[in-house]
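J.: Following this message is one structure expressed as structure tokens.
Number of protein chains: 2
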Amino acid sequence: MADSSTQVRPGGRSAKVRAAVHRAVAELLAEEDAETLTLPAVAARAGVHPTTLYRRWGSAAQLLNDVATSRFTGDLVVPDSGSLAGDLQRWLADVVTDVADPDTLALMRATIGSGPAGGCACVEDRHRQLGAIIRREQDRGGTALDVETAADFLLGPLYYRAIFTPEPASADWARTLVSTYLATLRTP
Amino acid sequence: MADSSTQVRPGGRSAKVRAAVHRAVAELLAEEDAETLTLPAVAARAGVHPTTLYRRWGSAAQLLNDVATSRFTGDLVVPDSGSLAGDLQRWLADVVTDVADPDTLALMRATIGSGPAGGCACVEDRHRQLGAIIRREQDRGGTALDVETAADFLLGPLYYRAIFTPEPASADWARTLVSTYLATLRTP
DNA sequence: AAATTATCGCACTGATCATTGCGTTAGTGG
DNA sequence: CCACTAACGCAATGATCAGTGCGATAATTT
Chain W
1 MADSSTQVRP GGRSAKVRAA VHRAVAELLA EEDAETLTLP AVAARAGVHP TTLYRRWGSA
61 AQLLNDVATS RFTGDLVVPD SGSLAGDLQR WLADVVTDVA DPDTLALMRA TIGSGPAGGC
121 ACVEDRHRQL GAIIRREQDR GGTALDVETA ADFLLGPLYY RAIFTPEPAS ADWARTLVST
181 YLATLRTP
Chain F
1 MADSSTQVRP GGRSAKVRAA VHRAVAELLA EEDAETLTLP AVAARAGVHP TTLYRRWGSA
61 AQLLNDVATS RFTGDLVVPD SGSLAGDLQR WLADVVTDVA DPDTLALMRA TIGSGPAGGC
121 ACVEDRHRQL GAIIRREQDR GGTALDVETA ADFLLGPLYY RAIFTPEPAS ADWARTLVST
181 YLATLRTP
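Put into structure tokens, the structure is as follows:
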């Protein structure tokens, strides 16, 4: 103990409590609205004492942020089909499948309402993945693309529909999105 | 009193209370996060007794929904510049200006978290306006366009950036959005 | 102007949330 | 195996929220 006074201890029990709490948040969010997501309610569902939640997370907003971060990072693998079109098609199809889950959507909506005003944990990893796909295309000798513009045309309509409109996003609609975006690249 | 037992009374006092409450909600949302938006807090800010809020709105979610509905309906006029491109350019610029306001954005984010899972009061009027623009173009003899697709390409990137990314939407970026969308119509 | 009643303020109560101090359990390193 | 301490459970407290009955105010009608 040369430097730090706080020594993290991620062994069995803490991890088990954390997993139970995360699962309880997901379940409660899927059942009822985000208004009733209080720390005592989560604790009762997870079989954990409320004091633990107050100490580890402090508030419902921070807990939601933690759940969303661990839920939306590292869940999708960046495909490598050999072409930009193939990579985008497969990746966006995976994103559509992910967003199509009502529980995932509920977590996203709740996170938007309680998270910080700029940036959201729901899409940070998506932007990284899109950047990786574009960088790979550039390494193959393809044209250098702007990540922001690609996100505008691919993630924009997808998340807009998921959050604001009741109609779900289908897989072939996502394919149309990709081909339209690629068409705009050829005709500036 | 032939039919109804409840008789609405929108005269002076009720309207004044309603306006004060709406203003208090907007102020509190602009200052702090949506977590602390409780009915007693709104009542204290508005100078109204909390009982009134419990009776008229019932919960913070319903109050938020009411505020958002009256805030996002009828605030923009549908332009009539003579051409589809001009109408879309001017209208989307107005939408950008509207979303650029931090207070408006805070109200949108809070409404997403507390509103019903399908559809949001923030965009319902936007869809109606976009439908009116497209219908007018069709009356002029132009091509019949799909409202959903137009919303995907215009409102999608705009609201996606506003909610998920910290970077603001500029006016000329909105112009790029419109011209790109119009370009995709000519090259299917 | 008088009667009617929707709406609001006030006081009060029960329920739930947020927080703290203390003892216990169980990972972690020697 | 033993000492150490991070992490948890428990009990108790103050604060705030949610809800109710009743009288007062003011908008609306006759």
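Sequence lines, in order, name chains W and F.
Residues in the first sequence are numbered consecutively from 1, following the UniProt record's numbering.
Residues in the second sequence are numbered consecutively from 1, following the UniProt record's numbering.
We put the CB at the ideal spot given by N, CA and C, even for glycine.
State buried or exposed for residue 181 of chain W, treating a residue as buried only when at least 16 other CB atoms are found within 10 Å of its CB.
T.: Sequence index remark: in the first sequence, residue 181 of chain W carries index 181 (1-based). Burial call: buried.
J.: With distances taken from CA atoms, which of F:132, F:60, F:35, F:12 is nearest residue 151 of chain F?
T.: In the second sequence, residue 151 of chain F corresponds to position 151, counting from 1. The residue with the shortest Cα to Cα distance from residue 151 of chain F is F:132.
J.: For the alpha helix (DSSP H) that contains residue 70 of chain W, what are its first and last residues?
T.: Position 70 of the first sequence, counted from the first residue, corresponds to residue 70 of chain W. Where residue 70 of chain W is concerned, the enclosing alpha helix (DSSP H) stretches over 60-71.
J.: So which of F:49, F:65, F:155 has the shortest CA-CA distance to residue 129 of chain F?
T.: Position 129 of the second sequence, counted from the start, is the residue given in the question as residue 129 of chain F. With distances taken between Cα atoms, residue 129 of chain F lies closest to F:155.
J.: Check for me: the alpha helix (DSSP H) holding residue 31 of chain W runs from which residue to which?
T.: What you label residue 31 of chain W is simply residue 31 of the first sequence in a count that begins at 1. That run of the alpha helix (DSSP H) goes 12-31.
J.: What separation, rounded to the nearest whole angstrom, lies between the Cα atoms of residue 104 of chain W and residue 73 of chain F?
T.: Locating residue 104 of chain W in the first sequence gives position 104, where the first residue counts as 1. Locating residue 73 of chain F in the second sequence gives position 73, where the first residue counts as 1. Their backbone Cα atoms lie some 29 Å apart in a straight line.
J.: In this structure, does DSSP put residue 49 of chain F in helix, strand or coil?
T.: Within the second sequence, the letter at position 49 stands for residue 49 of chain F. In the structure shown, residue 49 of chain F sits in coil (DSSP, three-state: anything other than H, G, I, E or B).
J.: Can you tell me whether DSSP reads residue 36 of chain F as helix, strand or coil?
T.: Translated into positions along the second sequence, residue 36 of chain F becomes position 36. Looking at residue 36 of chain F - three-state DSSP - the assignment turns out to be helix.
J.: Keeping to the same chain, check which residues put their C-beta closer than 8 Å to that of residue 4 of chain W; ignore five residues upstream and five downstream.
T.: Counting from one through the first sequence, the residue named residue 4 of chain W turns up at place 4. Caution is warranted here: a pLDDT of 40 is assigned to residue 4 of chain W, below 50, making its placement in the model unreliable, and the coordinate value is therefore given only provisionally. There are no such residues.
J.: Taking residue 40 of chain F as the reference, give the member of F:31, F:185, F:24, F:33 with the closest Cα.
T.: Your numbering for residue 40 of chain F matches position 40 in the second sequence. Considering only alpha carbons, the answer is F:24.
J.: Which runs of the alpha helix (DSSP H) spanning at least 4 residues fall entirely within the region 73-144 of chain F, listed in chain order?
T.: 84-100, 102-114, 121-139
J.: Distance cutoff 8 Å, beta carbons only. Does residue 174 of chain W sit that close to anything in chain F?
T.: By one-based count along the first sequence, residue 174 of chain W stands at place 174. Judged by the 8 Å Cβ criterion, residue 174 of chain W is not in contact with chain F.
J.: Need the endpoints of the alpha helix (DSSP H) that residue 157 of chain F sits in, please.
T.: The residue you call residue 157 of chain F lines up with position 157 of the second sequence. Residue 157 of chain F -> alpha helix (DSSP H) spans 147-164.
J.: Using DSSP with H/G/I as helix, E/B as strand and the rest coil, what is residue 187 of chain W?
T.: Taking the first sequence and counting its residues from 1, one reaches residue 187 of chain W at position 187. Of the three classes helix, strand and coil, the one that applies to residue 187 of chain W here is coil, per DSSP.
J.: Where does residue 173 of chain F sit, in a helix, a strand or coil, going by DSSP?
T.: Taking the first residue of the second sequence as 1, we reach residue 173 of chain F at position 173. Residue state, collapsed to three classes: helix.
J.: Are the CB atoms of residue 147 of chain F and residue 89 of chain F nearer to each other than 8 Å?
T.: The residue given as residue 147 of chain F occupies position 147 in the second sequence. The residue given as residue 89 of chain F occupies position 89 in the second sequence. Their beta carbons are not under 8 Å apart, which means residue 147 of chain F does not touch residue 89 of chain F by this criterion.
J.: Ordered along the chain, which non-local residues of its own chain (more than five positions away) have a Cβ less than 7 Å from that of residue 134 of chain F?
T.: Numbered from 1 along the second sequence, position 134 holds the residue referred to as residue 134 of chain F. Counting only Cβ-Cβ distances below 7 Å, and skipping sequence neighbours, we find 145, 147, 150.
J.: Does the beta carbon of residue 50 of chain F come closer than 8 Å to any beta carbon on chain W?
T.: On the second sequence, residue 50 of chain F is found 50 positions in, with the first residue counted as 1. Closer than 8 Å: no.
J.: Hey, would you say residue 157 of chain W sits closer than 8 Å to residue 153 of chain F, going by beta carbons?
T.: Residue numbering aside, residue 157 of chain W sits at position 157 when the first sequence is read from its first letter. Residue numbering aside, residue 153 of chain F sits at position 153 when the second sequence is read from its first letter. Yes; because the gap between Cβ atoms is below 8 Å, this pair is in contact.
J.: On the criterion of 16 or more Cβ atoms from any shown chain inside 10 Å, does residue 224 of chain F qualify as buried, or is it exposed?
T.: Coverage of chain F is limited to positions 1 through 188, which leaves residue 224 of chain F absent and any answer about it impossible.
J.: Quick one: what does DSSP say residue 8 of chain W is sitting in, helix, strand or coil?
T.: Within the first sequence, numbered from 1, the residue matching residue 8 of chain W stands at position 8. Correct three-state label for residue 8 of chain W: coil.
J.: Leaving out the 5 sequence neighbours to the left and right, which residues in its chain are closer than 7 Å to residue 66 of chain F when beta-carbon positions are compared?
T.: Here residue 66 of chain F corresponds to residue number 66 of the second sequence, with the count starting at 1. Excluding positions up to five away in sequence, the list reads 57.
J.: State whether the region 44-58 of chain F contacts the region 17-32 of chain F, with contact taken as three or more CB pairs (one from each stretch) at a distance under 8 Å.
T.: yes
J.: From residue 75 of chain F to residue 15 of chain F, what does the alpha carbon distance come to, in whole angstroms?
T.: The residue you call residue 75 of chain F lines up with position 75 of the second sequence. The residue you call residue 15 of chain F lines up with position 15 of the second sequence. Using only the alpha carbons, I get a separation of about 19 Å.
J.: Is there at least one Cβ from chain F nearer than 8 Å to residue 156 of chain W's Cβ?
T.: Looking up residue 156 of chain W in the first sequence gives position 156. Residue 156 of chain W counts as touching chain F.
J.: I think residue 99 of chain F touches residue 162 of chain F, with their Cβ atoms under 8 Å apart; what is that distance to the nearest whole Å?
T.: Sequence index remark: in the second sequence, residue 99 of chain F carries index 99 (1-based). Sequence index remark: in the second sequence, residue 162 of chain F carries index 162 (1-based). Contact flag correct, Cβ pair sits at about 5 Å.
J.: Using alpha carbons as the reference points, say which of W:51, W:8, W:64 lies closest to residue 35 of chain W.
T.: In the first sequence, counting from the first residue as 1, residue 35 of chain W sits at position 35. Here the closest residue by C-alpha is W:64.
J.: Here's a check: name, in chain order, each residue in its chain whose Cβ is nearer than 6 Å to the Cβ of residue 94 of chain W, leaving out the five neighbours to either side.
T.: Residue numbering aside, residue 94 of chain W sits at position 94 when the first sequence is read from its first letter. Hits under 6 Å: 76.
J.: In chain order, what residues of the same chain have a beta carbon less than 6 Å from the beta carbon of residue 30 of chain F, not counting five sequence neighbours either side?
T.: Mapped onto the second sequence, residue 30 of chain F falls at position 30. Excluding sequence neighbours, residue 30 of chain F sits near 103, 106.
J.: Measure the CB-CB distance between residue 33 of chain F and residue 121 of chain W and report whether it falls below 8 Å.
T.: On the second sequence, residue 33 of chain F is found 33 positions in, with the first residue counted as 1. On the first sequence, residue 121 of chain W is found 121 positions in, with the first residue counted as 1. Taking 8 Å as the Cβ cut-off, residue 33 of chain F and residue 121 of chain W do not qualify as a contacting pair.
J.: In chain F, which residues lie with their C-beta within 8 Å of the C-beta of residue 35 of chain W?
T.: Locating residue 35 of chain W in the first sequence gives position 35, where the first residue counts as 1. Chain F residues near residue 35 of chain W: 59, 60, 61, 114.
J.: Any Cβ of chain W within less than 8 Å of the Cβ of residue 69 of chain F?
T.: If you number the second sequence from 1, residue 69 of chain F lands on position 69. Cβ-Cβ to chain W under 8 Å: no for residue 69 of chain F.
J.: Does residue 113 of chain W pass the burial test, meaning 16 or more other C-beta atoms within 10 Å, or should it be called exposed?
T.: Position 113 of the first sequence holds residue 113 of chain W. Residue 113 of chain W is buried by the Cβ-count criterion.
J.: Taking C-alpha atoms, which residue in F:184, F:173, F:186, F:69 lies nearest to residue 92 of chain F?
T.: By one-based count along the second sequence, residue 92 of chain F stands at place 92. The option with the nearest alpha carbon to residue 92 of chain F is F:173.
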